[in-house]
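Undergrad: Mind having a look at this structure? Questions to follow.
Residue numbers (the numbering used here): 13 to 192.
Okay, here's the thing in C-alpha cells:
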C-alpha cells in the first residue's frame with residue numbers, strides 16, 4: 013500500500029513539473045508559428061523560399077527532399093491576392109492557409125486548365141465585385157473565395173532528381189504575388 017502511495021505521489025509531482033514546463037515554454041513556441049517565421053523572411057507579397065538551397069534555415073526544415081517550396085503572405089484588406097507563375101514542372105501544388113495555419117484550399121497542376129499557376133484569393137464581398145465585370149487577367153484563374161483577412165499561399169515543386177533542382181528553383185523563384 014505504501015508503495016502504491018509512493019508511485020502515485022511521484023506521478024503527480026512529475027505531471028506537475030511537465031505542466032509547469034509547458035506553461036513556461038508556451039510563449040517561446042507560440043512566437044514561432046508559420047506567419048511570424050515568414051514575416052522574418054520578408055514582407056507581405058514577398059515570395060520566400062521555405063526549403064531548398066535558397067531557403068533561410070529559420071523558416072522551415074524540409075520534410076521531403078524531393079520538393080522545393082516558396083510561400084507568399086497576403087492581406088485581403090489590401091485587395092485581391094493574385095499569385096501566378098510556375099512554368100512547366102513535373103508537378104506543382106499550391107495550398108492556401110489562413111493566418112492560424114488552417115488549410116483553406118489546395119490544388120495542383122492537374123486542376124489548372126493550361127497547367128500554369130494562376131490563383132486569385134478574395135473575400136466573398138470582393139468576389140461579388142469581380143463577378144460584375146471579370147477582368148481579362150482573371151480569365152484562366154482559379155478563384156479561392158475565403159472568409160479570411162490574412163493568409164499564406166504555399167507553392168511546392170517536385171524535384172525528380174538533382175538535375176531538376178535549378179529548374180524548379182528558377183520557376184518557383186519567378187512566382188509573382190501581388191495585391192490588386
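All C-beta atoms in this analysis are idealised placements derived from N, C-alpha and C, irrespective of residue type, glycine included.
Using only alpha-carbon positions, find the residue among 181, 144, 163 and 173 that is nearest to residue 95.
TA: Residue numbering aside, residue 95 sits at position 83 when the chain shown is read from its first letter. It is 163 whose Cα lies nearest to the Cα of residue 95.
Undergrad: In the DSSP assignment, find the unbroken beta strand (DSSP E) run with residue 162 in it and report its ends.
TA: Taking the first residue of the chain shown as position 1, residue 162 is located at position 150. According to the DSSP assignment, residue 162 belongs to the beta strand (DSSP E) that extends over 162-170.
Undergrad: Using only alpha-carbon positions, find the residue among 26, 106 and 189 that is nearest to residue 116.
TA: Along the chain shown, one-based indexing puts residue 116 at 104. With distances taken between Cα atoms, residue 116 lies closest to 106.
Undergrad: Nearest-angstrom Cα distance between residue 138 and residue 82?
TA: Walking along the chain shown from the start, residue 138 turns up at place 126. Walking along the chain shown from the start, residue 82 turns up at place 70. In a straight line, the C-alpha of residue 138 is about 26 Å away from that of residue 82.
Undergrad: The alpha helix (DSSP H) spanning residue 88 covers which residue range?
TA: Numbered from 1 along the chain shown, position 76 holds the residue referred to as residue 88. Segment: none, residue 88 is in no alpha helix (DSSP H) and carries neither H nor E.
Undergrad: Where residue 159 and residue 113 are concerned, what is the direct C-alpha to C-alpha distance, given to the nearest angstrom?
TA: Here residue 159 corresponds to residue number 147 of the chain shown, with the count starting at 1. Here residue 113 corresponds to residue number 101 of the chain shown, with the count starting at 1. Going by the C-alpha atoms only, they are around 14 Å apart.
Undergrad: With three or more C-beta pairs closer than 8 Å as the rule, is the stretch 145-152 touching the stretch 50-60?
TA: no
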